[in-house]
Amino acid sequence: MADPIDLAACIDSLNCGVSPQKLWDSWGARSVKTRSSQRVFDVGDPADDAYLLLDGLLAVTTAGDKPQVLLILRSPVLWGDIELVAGDELRATALRSVGEARMLCFDADDLLQAREQLSFLRWHEQDLAKRLARILANGSIGVRTLEQRVAAVLDALELGAHEIDPTQLALMTGASIKAVQRTLRQLEEFGRKSAPLRQPTTMVYGM
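Add 865 to the 1-based position in the sequence shown for our numbering, that's all there is to it.
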């Protein structure tokens, strides 16, 4: 297998059944291996990288001495790209490994280059929509930093909370329609955060 040259190639490899181990073995200097509970980034850090988790678990948390765990990420998953798409300069959440984890690291230019490929752009928009649905479904929207983050995603995808079908979102997440409607109303009240786009975006596929 040839060395992957970009993020889109890595995603295509995983989607085509290439094992994470084989992808890891073919990668180079930007591979990242963490120890248990190792910090990947903290709230307020520069938002300049995205991470493709190949194996292990990552915890998305709030800041502080007693951080609240918002999400547990299982491989394979892409994370850290939301701020890059939304044009945010700083991290809204923290990311730490739960145990040992292996990731591939990509910068903003890598993500922009990948999004120029239609197949990756479609996959990425769908993936962003699924992650947005997961954030809404687990109740993390009560954390203000997550509200800001979700609002930034809606801006980046050129969507408002009123444009998301509550019934479809409930089916995707398993949450009740009332809970989804309540959360979407909270988002509307919070307002959409204005953020510069790094490139034109399409509507979300599969939402």
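No residue lacks a Cβ here, since even glycine has one placed at the ideal position from N, Cα and C.
Hey, how far is the Cα of residue i from the Cα of residue j?
| i | j | result |
| --- | --- | --- |
| Leu976 | Leu872 | 7 Å |
| Val934 | Val942 | 17 Å |
| Ala959 | His989 | 22 Å |
| Leu969 | Arg1050 | 37 Å |
| Asn880 | Ala951 | 25 Å |
| Glu965 | Gln991 | 28 Å |
| Arg895 | Val908 | 22 Å |
| Leu983 | Asp946 | 17 Å |
| Glu954 | Ser884 | 33 Å |
| Glu981 | Gln886 | 27 Å |
| Lys931 | Leu922 | 19 Å |
Please check the pair residue i and residue j, which I expect to be a contact at CB under 8 Å, by giving their CB distance rounded to whole angstroms.
| i | j | result |
| --- | --- | --- |
| Ser878 | Leu888 | 6 Å |
| Arg961 | Val905 | 6 Å |
| Asp910 | Arg956 | 5 Å |
Short of 7 Å in beta carbon distance, which residues of its chain neighbour residue i, apart from the five on each side in sequence? Order them along the chain.
| i | result |
| --- | --- |
| Leu949 | Ala912, Ala915, Ala973, Leu976 |
| Phe985 | Ala873, Ile876, Ala979 |
| Gln903 | Arg961, Ser962 |
Decide if residue i is buried, meaning its Cβ has at least 16 other Cβ atoms within 10 Å, or exposed.
| i | result |
| --- | --- |
| Gly929 | exposed |
| Glu1012 | Because the pLDDT of Glu1012 is 46, which lies under 50, any placement of that residue in the model is unreliable, and the number read from its coordinates should be weighed accordingly. It is buried - the Cβ of Glu1012 has at least 16 other Cβ atoms within 10 Å. |
| Asp890 | exposed |
| Gly882 | exposed |
| Ile937 | exposed |
| Ile1006 | Reliability of the predicted coordinates at Ile1006 is poor, the pLDDT of 47 falling under 50, and the value obtained from them is presented with this limitation in mind. That one is buried. |
| Arg939 | exposed |
| Arg1047 | exposed |
Sorted by chain position, which residues of the same chain lie with C-beta nearer than 8 Å to residue i's C-beta, five sequence neighbours on each side aside?
| i | result |
| --- | --- |
| Val1008 | In this predicted model, Val1008 has a pLDDT of only 46, less than 50, meaning its place in the structure is not dependable; the value taken from the coordinates is given anyway. Counting only Cβ-Cβ distances below 8 Å, and skipping sequence neighbours, we find Thr927, Gln933, Leu935. |
Output yes or no for whether 8 Å exceeds the beta carbon distance between residue i and residue j.
| i | j | result |
| --- | --- | --- |
| Ala924 | Val897 | no |
| Leu918 | Trp944 | yes |
CB-CB under 6 Å to residue i, same chain, minus the five flanking residues each way: which ones, in chain order?
| i | result |
| --- | --- |
| Phe971 | Leu872, Ala915 |
| Thr899 | Ser962, Ala966 |
| Lys1043 | none |
Verify the contact flag: residue i, CB atom, against every heavy atom of the ligand MG, threshold strictly below 7 Å.
| i | result |
| --- | --- |
| Leu872 | As presented, the structure is devoid of all ligands, the ligand MG included, so that no description of it is given. |
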